[in-house]
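Report on the following structure.
In the working numbering, the protein residues as written are 287 to 497.
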């Protein structure tokens with residue numbers, strides 16, 4: 287069976303299983319626990335379209351989670367079915383950012399590609415932040431400046447309440463040859479941001495606003 291879970295779906299599964307375990311640990315009312323379980327499972331299955339019987343069987347263990355140990359065992363198994371983010375080469379970076387001379391591909395060794403929804407890295411040479419993000423089955427390239435200052439706020443990409451910084455980028459204006467700047471607050475830490483993403487809705491909106 288081919289991998290069928292996208293990283294954001296895996297994050298959703300993880301988040302929902304945590305709510306089940308928390309409900310089990312914090313409530314003695316079995317009806318409450320069961321209601322939380324049913325709601326969590328519904329959210330998980332709603333994130334998938336046209337699951338095959340084999341895929342349903344792979345997800346079946348999520349129905350029986352009752353403690354942290356079982357959750358971690360389940361997630362360890364499911365992670366093998368996650369479609370990893372593409373390993374980015376220097377050639378891919380040059381193609382994605384043709385005007386960014388001397389831009390180096392990010393170091394990929396310490397990146398968990400099965401938990402990476404989008405890739406973001408900082409280039410000292412240009413003082414710019416670069417991104418590669420999924421959009422309609424392909425990777426799109428984004429670049430801009432990420433302010434060094436940060437504060438607590440809502441991230442435009444993951445919609446989480448985290449330490450955020452202002453990301454500004456130039457976008458083409460309506461009149462040919464003109465440009466305008468757009469700014470969005472995003473997580474200072476891209477790893478935290480990735481972990482928070484359980485739907486691509488906000489990421490797509492961010493891309494549309496920047497491009």
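Even glycine gets a Cβ: it sits at the ideal position worked out from N, Cα and C. All values derive from a computational prediction rather than experimental measurement.
Asked	Found
Taking only runs that begin and end inside the segment 465-490, name each unbroken beta strand (DSSP E) of 3 or more residues, in chain order.	465-473
Assign residue 325 to one of three DSSP states: helix, strand, or coil.	helix
Report the partner residues of residue 440 according to the DSSP bridge assignment.	447
Spatial neighbours of residue 295 within its chain, please: C-beta separation below 6 Å, excluding the five flanking residues on both sides.	333
Inspect the beta-carbon positions of residue 409 and residue 353 and report whether they are closer than 9 Å.	no
Could you tell me which residues DSSP pairs with residue 430 in its beta bridges?	415
Could you give the C-beta distance for residue 364 and residue 299, rounded to a whole number, given that I count them as a contact under 8 Å?	6 Å
What is the residue span of the alpha helix (DSSP H) that residue 292 lies within?	Element bounds for residue 292: n/a, residue is neither H nor E.
Quick test of your reading: residue 453 and residue 480, contact by CB under 8 Å. State the CB separation rounded to the nearest angstrom.	About 15 Å; that fails the 8 Å criterion.
Pick out whichever of 455, 416, 467 has its Cα sitting closest to the Cα of residue 383.	416
Return yes when the Cβ of residue 376 is within less than 9 Å of the Cβ of residue 393, no when it is not.	no
Quick one: using the 10 Å Cβ neighbour count with 16 as the cut-off for buried, is residue 447 buried or exposed?	exposed
Report whether the distance from the Cβ of residue 407 to the nearest heavy atom of the ligand HEM is below 8 Å.	Absence of the ligand HEM from the depicted structure is noted, as is the absence of any ligand whatsoever, leaving it without description.
Provide the residue(s) that pair with residue 406 in DSSP beta bridges, ordered along the chain.	417
Give, in chain order, every unbroken run of the alpha helix (DSSP H) that is at least 4 residues long and sits entirely within the segment 335-407.	339-345, 354-364, 376-382
Determine whether the beta carbon atoms of residue 450 and residue 438 lie at a separation below 9 Å.	yes
Out of 466, 489, 462, state which residue places its alpha-carbon closest to the alpha-carbon of residue 473.	489
Contact defined as beta carbons within less than 8 Å: I believe residue 269 pairs with residue 357. What is the distance between those atoms, to the nearest angstrom?	Residue 269 cannot be examined here, being either before or after the span of the chain that is shown, 287 to 497.
For residue 389 and residue 432, what's the separation of their Cα atoms in angstroms?	17 Å
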